[in-house]
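Undergrad:
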Amino acid sequence: MTASTTPATLSTSPLSTSEHPCFDEDARSRTARVHLPVAPRCNVQCNYCNRKFDCVSESRPGVSSTVLSPEEAADYVDRVRAEVPNLAVVGIAGPGDPFANATKTLASLALVKERHPDLLLCVSSNGLEVPAHLDAIAELGISHVTITMNTVDPDVAGQIYRWVRDGREILRGRAAGELIIARQKEAIAGLKARGVTVKINTILVPGVTLDGIADVARVAAELGADTMNNLPLYPVDGTPFGELRAPDPAEIATARQAAEAHIAQMTHCQRCRADAVGMLGDDHDQTAIDRLWAAKAPAKDRPYIAVCSQEGYLVNQHLGGADFLLIYENTSVDGRPSPRLIDKRRTPPTGGGAGRWAMLAGLISDCQALICHQLGGTPRMVLKGAGVKVFESDGLISEAVGDVFAGREPRRALPERDCKTSCDGPGTGCG
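In my numbering, the protein residues as written are 542 to 972.
Structure below.
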């Protein structure tokens, strides 16, 4: 999994790192953050982690009282901002891994950026799938990324991770350790090449990681990471490391001192939940829980289908080149789908990157599907994350739309293709 050779340019919020309470200790007393629990799946099983998606009592990473869709998450940020005026950061940290749920993660942040372009965006990941999304991270303006890197020794990593899933392949032991460490290094270097601020989280596990903390700090610094957060093990019941002891204060201090010789240390971490909101250290009170549950709205009614067409007869236009979308409803004659054109909507202007597709998702939020001749990976990801089914097809509009209204793929559906090599555009992707 290799990042683009030409890094995308980071498009950031006007807020600076000094306003991020997790990256700047002074900011913790003046700015707030909200974590969006949109990422339930994980691609690794850490021996210290037990994810819970319906927990209101524990205060630790990996737990959340619910899981939101991208649209629900964006609506939730609207509510939080109205009630938390010093909100500065929107982050995604679980309850699984953001990039094991890349579609939902990127769609959520694209929708937030479209509504609140001044807020800082951040994610926290194990790093395994970050290299595949480096350009998307930069294009969205995700300015802060945390990578959990516990060791640079593959054998030690094999003790920490019960398994690592790379696509359809499950790896264990040293093989798992070699893969995840290589990806983490690639992620850190790729993020720094794109101007992203990077923090390293490392779990201090007595008898497992403690002796290698200085090596992690050295490697992270060599790759350009900005700061490091050494976290003592929090033994969690029901996990393989649940019976291990937490490091004592002297061990923590020694580890941080060894790491500080290589990289700046963060010492004010509060081990936030995946649905944390407010100032660091704020209790997860009933008001916050009620606000989050209120975001779990019923699914929106989506009666229409959007189509890309040059002349209104055939599905024959690339989404990136469409100035308008044709909107169809189902009038249903004798129980059979009968598409009827009801609207023509102008698409957002080109050049906005992922933000353009977030705007488009809002434009067709009443559409269950979009049918086009072709589209790129970024619009596909954002639209799917926003709940819009995407079909690539050719042939008659009436047939394609009728098939989708009937619950089928278009009869002339096309396989997903590489946007940069198989369309008639300039070869730079959709934006």
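Note that the Cβ used here is the ideal one computed from N, Cα and C, for glycine as well.
1. Counting Cβ pairs, one atom from each stretch, are 3 or more of them under 8 Å apart for the stretch 576-589 and the stretch 667-674?
2. Alpha carbon to alpha carbon, what distance is there between Ile729 and Leu764?
3. Can you check which of these residues, Arg881, Asp864, Gly903, is closest to Arg887 by C-alpha distance?
4. For the structure I just gave you, are there three or more beta carbon pairs, one from the stretch 705-724 and one from the stretch 735-745, closer than 8 Å?
5. Grouping DSSP H, G and I as helix and E and B as strand, with all else coil, what is Asp619?
6. Just grab the DSSP bridge partners of Glu870 for me.
7. I'd like the span of the alpha helix (DSSP H) that includes Phe946, first residue to last.
8. What did DSSP end up calling Asp752 once you bin it into helix, strand or coil?
9. Do Ile912 and Ile868 have their C-beta atoms within less than 8 Å of each other?
10. Could you tell me whether the Cβ atoms of Leu955 and Ser934 are closer together than 8 Å?
11. Hey, is the stretch 851-859 in contact with the stretch 924-944, meaning 3+ C-beta pairs nearer than 8 Å?
12. Which residue's Cα is closest to the Cα of Gly708: Phe640, Gly748, Val664, Arg877?
13. Just the Cα atoms here: how many angstroms apart are Thr682 and Ser873?
14. Report, in whole angstroms, the separation of the C-beta atoms of Pro889 and Phe946, which I expect to be a contact under 8 Å.
15. Compute the Euclidean distance between the alpha carbons of Pro773 and Arg620, then round it to the nearest angstrom.
16. Would you call Gln798 buried or exposed, if buried means 16 or more other Cβ atoms sit within 10 Å of its Cβ?
17. Given Pro658, which residues of its chain have a CB within under 6 Å of its CB, disregarding the five upstream and five downstream residues?
18. Just curious, the beta strand (DSSP E) that Met769 is in, first and last residue?
19. Any idea what DSSP makes of Pro636, helix, strand or coil?
20. Starting from Ala847, follow its DSSP beta bridges and name the residues at the other end.
21. Tell me the rounded alpha-carbon separation between Asn1014 and Glu957.
22. State the DSSP-derived secondary structure class of Arg709, mapped to helix, strand or coil.
23. Can you tell which of Trp898, Ala762, Glu719 has the C-alpha that lies nearest to the C-alpha of His803?
24. Between the Cα of Val760 and the Cα atoms of Ala679, Asn691, Val608, Asp944, which residue gives the shortest distance?
25. Taking the C-alpha atoms as reference points, what is the distance between Ala791 and Leu745?
26. What are the start and end residues of the beta strand (DSSP E) that includes Ile688?
27. DSSP has Leu745 in a bridge; who is on the other side?
28. DSSP three-state label for Gln858, please.
29. Excluding the 5 residues preceding and the 5 following Val697 in the sequence, name in chain order all residues of the same chain whose CB lies nearer than 8 Å to its CB.
30. Determine the direct distance from the alpha carbon of Phe932 to that of Pro951, and round the result to whole angstroms.
31. Compute the Euclidean distance between the alpha carbons of Arg953 and Lys885, then round it to the nearest angstrom.
32. Apart from the five residues just before and just after Val653, which ones in its own chain have a Cβ nearer than 6 Å to its Cβ?
33. For Glu933, does the three-state DSSP call read helix, strand or coil?
34. One question on the structure: do Pro611 and Ala910 come within less than 8 Å of each other, judged by their Cβ atoms?
35. From the beta carbon of Val746, is the nearest beta carbon of chain B less than 8 Å away?
36. Give me, in chain order, the residues of the same chain whose beta-carbon lies closer than 8 Å to that of Glu784; leave out the 5 immediate sequence neighbours on both sides.
TA: Looking at the coordinates:
1. yes
2. As a first step, residue 764 must be located in the sequence shown, where it is residue number 223. As a first step, residue 729 must be located in the sequence shown, where it is residue number 188. Using only the alpha carbons, I get a separation of about 6 Å.
3. Position 346 of the sequence shown, counted from the start, is the residue given in the question as residue 887. The option with the nearest alpha carbon to Arg887 is Asp864.
4. no
5. Sequence index remark: in the sequence shown, residue 619 carries index 78 (1-based). Correct three-state label for Asp619: helix.
6. Sequence index remark: in the sequence shown, residue 870 carries index 329 (1-based). For Glu870, which the question treats as bridged, DSSP gives the partners Arg881.
7. Here residue 946 refers to the residue found at position 405 of the sequence shown. Unbroken alpha helix (DSSP H) run through Phe946: 938-946.
8. Taking the sequence shown and counting its residues from 1, the one referred to as residue 752 is at position 211. The answer is helix: DSSP assigns Asp752 an H, G or I state.
9. As a working mapping, residue 912 is identified with position 371 in the sequence shown. As a working mapping, residue 868 is identified with position 327 in the sequence shown. Contact flag unset, no.
10. Within the sequence shown, the letter at position 414 stands for residue 955. Within the sequence shown, the letter at position 393 stands for residue 934. A contact, by the Cβ cut-off of 8 Å.
11. yes
12. Here residue 708 corresponds to residue number 167 of the sequence shown, with the count starting at 1. That would be Phe640, whose Cα lies nearest to the Cα of Gly708.
13. As a working note, residue 682 is residue 141 in the sequence shown. As a working note, residue 873 is residue 332 in the sequence shown. Note on residue identity: the sequence assigns Gly, not Thr, to residue 682. When rounded, the distance between both Cα atoms is 44 Å.
14. Translated into the one-based positions of the sequence shown, residue 889 becomes position 348. Translated into the one-based positions of the sequence shown, residue 946 becomes position 405. With a Cβ gap of about 26 Å, Pro889 and Phe946 do not count as contacting.
15. Translated into the one-based positions of the sequence shown, residue 773 becomes position 232. Translated into the one-based positions of the sequence shown, residue 620 becomes position 79. Distance between the alpha carbons of Pro773 and Arg620 is about 34 Å.
16. Locating residue 798 in the sequence shown gives position 257, counting from the first residue. Its Cβ having fewer than 16 others within 10 Å, Gln798 is exposed.
17. In the sequence shown, residue 658 corresponds to position 117, counting from 1. For Pro658, where only same-chain residues beyond five positions count, there are no Cβ hits under 6 Å.
18. By 1-based counting over the sequence shown, the position of residue 769 is 228. Unbroken beta strand (DSSP E) run through Met769: 768-773.
19. In the sequence shown, counting from the first residue as 1, residue 636 sits at position 95. Here Pro636 sits in strand by DSSP.
20. Numbered from its first residue, the sequence shown carries residue 847 at position 306. DSSP output for Ala847 lists Ile868, Leu911 as bridge partner(s).
21. The displayed coordinates of the chain run from 542 to 972. Any statement about residue 1014 would go beyond what the structure contains.
22. Counted from its first residue, the sequence shown places residue 709 at position 168. Residue state, collapsed to three classes: coil.
23. If you number the sequence shown from 1, residue 803 lands on position 262. Here the closest residue by C-alpha is Ala762.
24. Counting from one through the sequence shown, the residue named residue 760 turns up at place 219. The option with the nearest alpha carbon to Val760 is Asn691.
25. Mapped onto the sequence shown, residue 791 falls at position 250. Mapped onto the sequence shown, residue 745 falls at position 204. For Ala791 and Leu745, the distance between alpha carbons rounds to 12 Å.
26. Here residue 688 corresponds to residue number 147 of the sequence shown, with the count starting at 1. Here the beta strand (DSSP E) through Ile688 covers 683-689.
27. Taking the sequence shown and counting its residues from 1, the one referred to as residue 745 is at position 204. Paired residue(s): Pro773.
28. Start at 1 with the first residue of the sequence shown, and residue 858 comes out as number 317. If DSSP states are grouped into helix, strand and coil, Gln858 belongs with coil.
29. On the sequence shown, position 156 is the one that residue 697 refers to. Hits under 8 Å: Asn691, Gly718, Val749, Thr750, Gly753.
30. Within the sequence shown, numbered from 1, the residue matching residue 951 stands at position 410. Within the sequence shown, numbered from 1, the residue matching residue 932 stands at position 391. The alpha-carbon atoms of Pro951 and Phe932 are separated by roughly 8 Å.
31. Looking up residue 953 in the sequence shown gives position 412. Looking up residue 885 in the sequence shown gives position 344. Rounded to whole angstroms, Arg953 to Lys885 spans 23 Å at the Cα level.
32. Mapped onto the sequence shown, residue 653 falls at position 112. Result list for Val653: Ala615, Val618, Val631, in chain order.
33. For this step, residue 933 is matched to residue 392 along the sequence shown. Looking at Glu933 - three-state DSSP - the assignment turns out to be strand.
34. For the purposes of this step, residue 611 is taken as the residue at position 70 of the sequence shown. For the purposes of this step, residue 910 is taken as the residue at position 369 of the sequence shown. For Pro611 and Ala910, no; Cβs fall outside 8 Å.
35. Included in the structure is just one protein chain, with no chain B present.
36. The residue you call residue 784 lines up with position 243 of the sequence shown. Closer than 8 Å at the Cβ level, and outside the excluded window around Glu784, lie Pro776.
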